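>
2 protein chains.
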Amino acid sequence: MNGMSNGFDDFYAIIPAGGTGTRLWPLSRESKPKFLFDLLGQGRTLIQTTFDRLAAICGIDHVCVSTGERHVAAVREQLPELSAEHIFAEPSPRDSTAAIALATAVLMRRHGDDIIVGSFAADHVIRGKLAFIEAVRQAVQTARVGYVTTIGIAASRPSTAFGYIHEGGSLAAQIPDAPDATLVERFVEKPNAVTAQAYLSTGEYRWNAGMFVMRASVLMDHLHKEKPRLARAIDAIADAIVDDDRAYEAAVETARAQGENPRESVHREDFRAHRDAAMAKHWPSIEKIAFDYAVAEPLSVEGGVAMIPGDFGWDDIGDFNSVAALLPSVDERNNKVLGSLDDVSTLDSAGDVIVAGGGRTIALLGVNDMVVVDTADALLVAPRARSQEVKAMVKHLAESGADELL
Amino acid sequence: MNGMSNGFDDFYAIIPAGGTGTRLWPLSRESKPKFLFDLLGQGRTLIQTTFDRLAAICGIDHVCVSTGERHVAAVREQLPELSAEHIFAEPSPRDSTAAIALATAVLMRRHGDDIIVGSFAADHVIRGKLAFIEAVRQAVQTARVGYVTTIGIAASRPSTAFGYIHEGGSLAAQIPDAPDATLVERFVEKPNAVTAQAYLSTGEYRWNAGMFVMRASVLMDHLHKEKPRLARAIDAIADAIVDDDRAYEAAVETARAQGENPRESVHREDFRAHRDAAMAKHWPSIEKIAFDYAVAEPLSVEGGVAMIPGDFGWDDIGDFNSVAALLPSVDERNNKVLGSLDDVSTLDSAGDVIVAGGGRTIALLGVNDMVVVDTADALLVAPRARSQEVKAMVKHLAESGADELL
Chain L
1 MNGMSNGFDD FYAIIPAGGT GTRLWPLSRE SKPKFLFDLL GQGRTLIQTT
51 FDRLAAICGI DHVCVSTGER HVAAVREQLP ELSAEHIFAE PSPRDSTAAI
101 ALATAVLMRR HGDDIIVGSF AADHVIRGKL AFIEAVRQAV QTARVGYVTT
151 IGIAASRPST AFGYIHEGGS LAAQIPDAPD ATLVERFVEK PNAVTAQAYL
201 STGEYRWNAG MFVMRASVLM DHLHKEKPRL ARAIDAIADA IVDDDRAYEA
251 AVETARAQGE NPRESVHRED FRAHRDAAMA KHWPSIEKIA FDYAVAEPLS
301 VEGGVAMIPG DFGWDDIGDF NSVAALLPSV DERNNKVLGS LDDVSTLDSA
351 GDVIVAGGGR TIALLGVNDM VVVDTADALL VAPRARSQEV KAMVKHLAES
401 GADELL
Chain S
1 MNGMSNGFDD FYAIIPAGGT GTRLWPLSRE SKPKFLFDLL GQGRTLIQTT
51 FDRLAAICGI DHVCVSTGER HVAAVREQLP ELSAEHIFAE PSPRDSTAAI
101 ALATAVLMRR HGDDIIVGSF AADHVIRGKL AFIEAVRQAV QTARVGYVTT
151 IGIAASRPST AFGYIHEGGS LAAQIPDAPD ATLVERFVEK PNAVTAQAYL
201 STGEYRWNAG MFVMRASVLM DHLHKEKPRL ARAIDAIADA IVDDDRAYEA
251 AVETARAQGE NPRESVHRED FRAHRDAAMA KHWPSIEKIA FDYAVAEPLS
301 VEGGVAMIPG DFGWDDIGDF NSVAALLPSV DERNNKVLGS LDDVSTLDSA
351 GDVIVAGGGR TIALLGVNDM VVVDTADALL VAPRARSQEV KAMVKHLAES
401 GADELL
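First to last, the protein sequences are chains L and S.
Using the UniProt record's numbering, the first residue of the first sequence is number 1, and each one after it goes up by one.
Using the UniProt record's numbering, the first residue of the second sequence is number 1, and each one after it goes up by one.
1) For A398 (chain S), I'd like the list of residues in its chain whose CB is within less than 7 Å of its CB, leaving aside the five on either flank, ordered along the chain.
2) Note down the Cα distance separating P158 (chain S) from A135 (chain S), rounded to an integer number of angstroms.
3) Could you check the C-alpha separation between V301 (chain L) and D316 (chain L) for me, to the nearest Å?
4) Quick one: what's got a C-beta closer than 6 Å to Q48 (chain L)'s C-beta in the same chain, skipping five residues either side?
5) Determine, for S345 (chain L), whether the minimum Cβ-Cβ distance to residues of chain S falls below 8 Å.
6) Whose C-beta lies closer than 7 Å to the C-beta of A378 (chain L) among residues of the same chain, with five residues either side of it excluded?
7) With a cut-off of 8 Å, does the C-beta of G383 (chain S) fall near any C-beta of chain L?
8) K391 (chain L) and R23 (chain L) look like a contact to me (Cβ under 8 Å); what is the Cβ gap, rounded to whole Å?
9) What is the residue span of the alpha helix (DSSP H) that I47 (chain S) lies within?
10) Given 8 Å as the limit, is there contact between the region 160-175 of chain S and the region 185-200 of chain S, that is, 3 or more CB pairs closer than that?
11) What would DSSP say about D316 (chain L), mapped onto helix, strand or coil?
12) Tell me the rounded alpha-carbon separation between L341 (chain S) and A324 (chain S).
13) Does the distance from the CB of R275 (chain L) to the CB of D311 (chain L) come in under 8 Å?
14) Is the region 226-244 of chain L close to the region 92-110 of chain L, with three or more CB pairs under 8 Å?
15) Short of 7 Å in beta carbon distance, which residues of its chain neighbour I153 (chain L), apart from the five on each side in sequence? Order them along the chain.
16) Check whether the region 211-228 of chain L and the region 332-340 of chain L touch, using three or more Cβ-Cβ pairs below 8 Å as the test.
17) Relative to the ligand MG, is the shortest distance from any of its heavy atoms to the C-beta of G152 (chain S) smaller than 7 Å?
18) According to the neighbour-count rule (16 or more other Cβ atoms, all chains shown, within 10 Å of its Cβ), is residue 407 (chain L) buried or exposed?
19) So, at 6 Å on beta carbons, what are the nonlocal neighbours of A74 (chain S) in its own chain, with the 5 sequence-adjacent residues on each side left out?
20) Mind listing which residues of the region 325-349 of chain S have their C-beta closer than 7 Å to chain L's C-betas, in chain order?
21) Would you mind sorting R263 (chain L) into buried or exposed? The rule is 16 or more other CB atoms within 10 Å of its CB.
22) Over what stretch of residues does the alpha helix (DSSP H) that includes T195 (chain L) continue unbroken?
23) Compare the Cα-Cα distances from I165 (chain L) to each of L:R333, L:V184, L:I116 and report the closest residue.
24) Is there a C-beta anywhere in chain S that falls below 8 Å from the one on R23 (chain L)?
25) How about A178 (chain S) and T142 (chain S): do their beta carbons lie closer than 8 Å?
26) Keeping to the same chain, check which residues put their C-beta closer than 8 Å to that of N368 (chain L); ignore five residues upstream and five downstream.
27) Given that a residue counts as buried once 16 or more other Cβ atoms are within 10 Å of its Cβ, and exposed if not, what is N6 (chain S)?
28) If the criterion is Cβ atoms closer than 8 Å, does the pair V372 (chain S) and L364 (chain S) meet it?
29) With a threshold of 16 other CB atoms inside 10 Å of the CB of K225 (chain S), please say whether the residue is buried or exposed.
30) Quick check on the burial criterion: 16 or more other C-beta atoms within 10 angstroms. Buried or exposed for P328 (chain S)?
31) Let me make sure I understand the geometry here. Which of L:F320, L:F187, L:S265, L:P228 has the alpha-carbon closest to that of P298 (chain L)?
32) Going along the chain, which residues of the region 362-380 of chain L sit with their C-beta nearer than 8 Å to a C-beta in chain S?
33) CA-CA distance, N261 (chain L) and A250 (chain L)?
34) Under the DSSP definition of a beta bridge, which residues are partnered with V344 (chain S)?
35) Beta-carbon of residue 416 (chain L) versus every beta-carbon of chain S: anything under 8 Å?
36) Looking at the C-beta of M393 (chain S), does it have a partner C-beta in chain L at a distance below 8 Å?
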């Protein structure tokens, strides 16, 4: 570290906030995805805790959010500290490569080509805050050397819900400031149970939580080489956004010159003409491709991806079973409740996950290991063991035309 | 039969409409008991079908209802054909002996001491209407001879939810118009499963559905002998009610004499001063005792009770399992729905009983043989096999102070 720097001065965090969280239906919906919920009952939503965690590392001004246009209002309401220029609104979902690339391209134009960017999902839960900071610190150091650096989560069970990272040789000699860095041998898709167990027994596999830290220029150079159409579209939109930046700054100057208070008379969100035009022109044709496929996997084959082990408690709360694992029991029978305990009455029932979100009393008699999710307009009942299949239930509802419930 | 008589001219039907139906919570409540519900989804509530069934036998003017004061408005709304003088409102529950005796005592005063009365619960389901009429016909003939006559239901399974009637010798020789009449050997309480099975294998036991037909005078004489305090209190209230009758009739005469239309200016329900005073004085101290204990069992020991076999389909819909047995399946997986089918979506779920009464979508994934009852303010989930224990759930809620849900 040099001077007053904490080692993160050139680091910017991007929070792609997308994905409905279909397996958490009927709590999470297309119109209100899971990152907007306080799934741990701790008073802060998932995107709020994600923002808090990253702002603690690099400061509020170094955190931005990419999300769908329909969620911008909710994000701004939940994150009043986030200024307008740090929200990138997507007219339609174009998957994570476009989301991360657009934020990266704009940040480069604003802060220079040498910055480091990191992408962290809006809906993950991390408990070991200091261990997380240390992992990100080593990831930033490793990224400086040129690696796209992921944080590999300690696999605590043979999960079939996550992709895995196969660890390669140590990079400690090459990067003294990141003693835990290794190469990534390869990324592997969600395995079946037998394969997952085999991975675990080698001790060489970690979960891929989709966290990536890299030099902005490394990412954009790779995209220009491998996905040139996507990269050019992103550049055009980023250029338009900084054109809006300049128009805004000019308006601020003018207001000041006229003796006005620009905070009152000039609003950042009103300067979006260039961006809107560029979005309309380029966004719809952008390839929908996940960051893993477009960047991490191909670069790992070339030895361009590194990994820092993340041994903090982590979960992506994919389904109600995950929610249950993170909630404290409300009684000695291992029942878990999200919402008001006053709304729940259990008799001879154990191991249930109850979401009391409908304002009514939920009475369970002799119900074991079930998920009961009550909301104002929809109720779900399912065994905990079938939590992953809630996605199929939502598909079933979609097929029967219940669009208003999705 | 003589002249235009159908054999029921001197017969009056009493419908005691009491009992919350606790095992049908949260559908049925203290404030809206099960007899007010259309549990079969056929467009008529239980008390409506009971009324229809009895009115078809003895005419609308020969049917009366005894119910709690808080349910009078709902009963009148559901049975607009029922005139005000045919509703006996109870200030507080005093069990079936008082309910039947009061209606009987008033009917005797209005229609003479020789009438036959029959009591039929408001919340039973009977499918074989002609077989029911024939059973009641024979019961009336048997009652004329002086027997308190019950209708014994063919026991189709070794139920532990009903009391049983042990059949005695035939009375056919004594009562030619009631060829199926037998004496009742004795009444037995709800048995355990082994005993119930033993009863069934003898072929001599039938279910006690609490239907009793008897000469009004036989009932009142018995009560005056065995329960004199209760009988005197009932007589005093019945006297007061006929005093109100006379005050009403006098007012009608006066209105007519003054050229008014008494249907517009005189209302039966306004004439209740005598009744109210007598109720206030006598009702609270009346012994709470079931008709079976006060009348049927002691008289059966003296050989005073007869039985007509009832081989019509019958159920008392005590719990959600009973509801399920009477509802058609909505799919090939034996799911049963009470309420709007549009509100129910099942996936890989079988044998469920779903009550859609909350106006929201109920989604069941991998849920088998469960009861799910959704209402505006309370939701119940329980295995079908534990339907009888819903009563315990309600007790649990009562103990936790959720009085507004009972």
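Beta carbons: idealized from backbone N, C-alpha and C, even for Gly.
Keep in mind it's a predicted model, so treat the numbers as computed, not measured.
Well, looking at it:
1) Residue numbering aside, residue 398 (chain S) sits at position 398 when the second sequence is read from its first letter. Exclusion of the five residues before and after A398 (chain S) leaves L406 as the residues of its chain whose Cβ lies within less than 7 Å of its Cβ.
2) Taking the first residue of the second sequence as position 1, residue 158 (chain S) is located at position 158. Taking the first residue of the second sequence as position 1, residue 135 (chain S) is located at position 135. Spanning the two alpha carbons is a distance of roughly 23 Å.
3) Here residue 301 (chain L) is taken as the residue at index 301 of the first sequence, counted from 1. Here residue 316 (chain L) is taken as the residue at index 316 of the first sequence, counted from 1. Near 26 Å, if we compare the C-alpha coordinates of D316 (chain L) and V301 (chain L).
4) Counted from its first residue, the first sequence places residue 48 (chain L) at position 48. Result list for Q48 (chain L): Q78, in chain order.
5) Reading the first sequence from its first residue, position 345 is the one you call residue 345 (chain L). Closer than 8 Å: yes.
6) Within the first sequence, residue 378 (chain L) is the residue found at index 378, counting from 1. Answer for A378 (chain L): P26, L405, listed in chain order.
7) Along the second sequence, read from residue 1 onward, the residue named residue 383 (chain S) stands at position 383. Checking the displayed sequence, the identity of residue 383 (chain S) turns out to be Pro instead of Gly. Using a CB distance cut-off of 8 Å, P383 (chain S) counts as an interface residue toward chain L.
8) The count along the first sequence starts at 1 and reaches residue 391 (chain L) at position 391. The count along the first sequence starts at 1 and reaches residue 23 (chain L) at position 23. Right, their Cβ atoms sit about 5 Å apart.
9) For this step, residue 47 (chain S) is matched to residue 47 along the second sequence. First-last of the alpha helix (DSSP H) with I47 (chain S): 46-58.
10) Contact holds: three or more Cβ-Cβ distances are below 8 Å.
11) Working through the first sequence from its first residue, we reach residue 316 (chain L) at position 316. Coil.
12) As a first step, residue 341 (chain S) must be located in the second sequence, where it is residue number 341. As a first step, residue 324 (chain S) must be located in the second sequence, where it is residue number 324. Roughly 15 Å separates the two Cα atoms.
13) Indexing the first sequence from 1 puts residue 275 (chain L) at position 275. Indexing the first sequence from 1 puts residue 311 (chain L) at position 311. Their beta carbons are not under 8 Å apart, which means R275 (chain L) does not touch D311 (chain L) by this criterion.
14) Three or more Cβ pairs drawn from the region 226-244 of chain L and the region 92-110 of chain L lie within less than 8 Å of each other, which places the two stretches in contact.
15) Walking along the first sequence from the start, residue 153 (chain L) turns up at place 153. Cβ within range, chain order: R206, W207, A209, G310, W314.
16) Taking a contact to require three or more Cβ pairs closer than 8 Å, the region 211-228 of chain L and the region 332-340 of chain L do not qualify as touching.
17) The ligand MG is absent from the structure shown, which contains no ligand whatsoever.
18) Past the boundaries of the shown model lies residue 407 (chain L); chain L is included only from 1 to 406, so the question cannot be answered.
19) In the second sequence, counting from the first residue as 1, residue 74 (chain S) sits at position 74. Only L36 meet the Cβ criterion.
20) Sequence-ordered contacts of the region 325-349 of chain S with chain L read S345, L347 [C-beta pairs closer than 7 Å].
21) Counting from one through the first sequence, the residue named residue 263 (chain L) turns up at place 263. Exposure of R263 (chain L) is indicated by the presence of fewer than 16 other C-beta atoms within 10 angstroms of its C-beta.
22) Along the first sequence, read from residue 1 onward, the residue named residue 195 (chain L) stands at position 195. Unbroken alpha helix (DSSP H) run through T195 (chain L): 193-202.
23) Position 165 of the first sequence holds residue 165 (chain L). Nearest neighbour of I165 (chain L) by Cα position, chosen from L:R333, L:V184, L:I116, turns out to be L:V184.
24) As a position in the first sequence, residue 23 (chain L) is number 23, starting the count at 1. Closer than 8 Å: no.
25) Within the second sequence, numbered from 1, the residue matching residue 178 (chain S) stands at position 178. Within the second sequence, numbered from 1, the residue matching residue 142 (chain S) stands at position 142. Yes, the Cβ-Cβ distance between A178 (chain S) and T142 (chain S) is below 8 Å.
26) Against the first sequence, residue 368 (chain L) aligns to sequence position 368. S349, A350, G351, D352, listed in sequence order.
27) Taking the second sequence and counting its residues from 1, one reaches residue 6 (chain S) at position 6. With fewer than 16 other CB atoms across the displayed protein chains lying within 10 angstroms of its CB, N6 (chain S) is exposed.
28) The residue labelled residue 372 (chain S) in the question sits at position 372 within the second sequence. The residue labelled residue 364 (chain S) in the question sits at position 364 within the second sequence. Yes.
29) Here residue 225 (chain S) refers to the residue found at position 225 of the second sequence. With fewer than 16 other Cβ atoms within 10 Å, it is exposed.
30) Taking the first residue of the second sequence as 1, we reach residue 328 (chain S) at position 328. It counts as exposed.
31) Here the question's residue 298 (chain L) lines up with position 298 in the first sequence. Nearest of L:F320, L:F187, L:S265, L:P228 to P298 (chain L), Cα basis: L:F187.
32) Those residues of the region 362-380 of chain L that come within reach of chain S (Cβ to Cβ, closer than 8 Å) are I362, A363, L364, L365, G366, V367, M370, V372, D374, T375, A376, D377, A378, L379, L380.
33) For the purposes of this step, residue 261 (chain L) is identified with residue 261 of the first sequence, where counting begins at 1. For the purposes of this step, residue 250 (chain L) is identified with residue 250 of the first sequence, where counting begins at 1. Between the alpha carbons of N261 (chain L) and A250 (chain L) lies a gap of roughly 14 Å.
34) Position 344 of the second sequence, counted from the start, is the residue given in the question as residue 344 (chain S). Under DSSP, V344 (chain S) forms a beta bridge with S:I362.
35) With chain L represented from 1 up to 406, any question about residue 416 (chain L) goes unanswered, as that position is not in the structure.
36) Numbered from its first residue, the second sequence carries residue 393 (chain S) at position 393. Interface criterion met: the Cβ of M393 (chain S) is under 8 Å from a Cβ in chain L.
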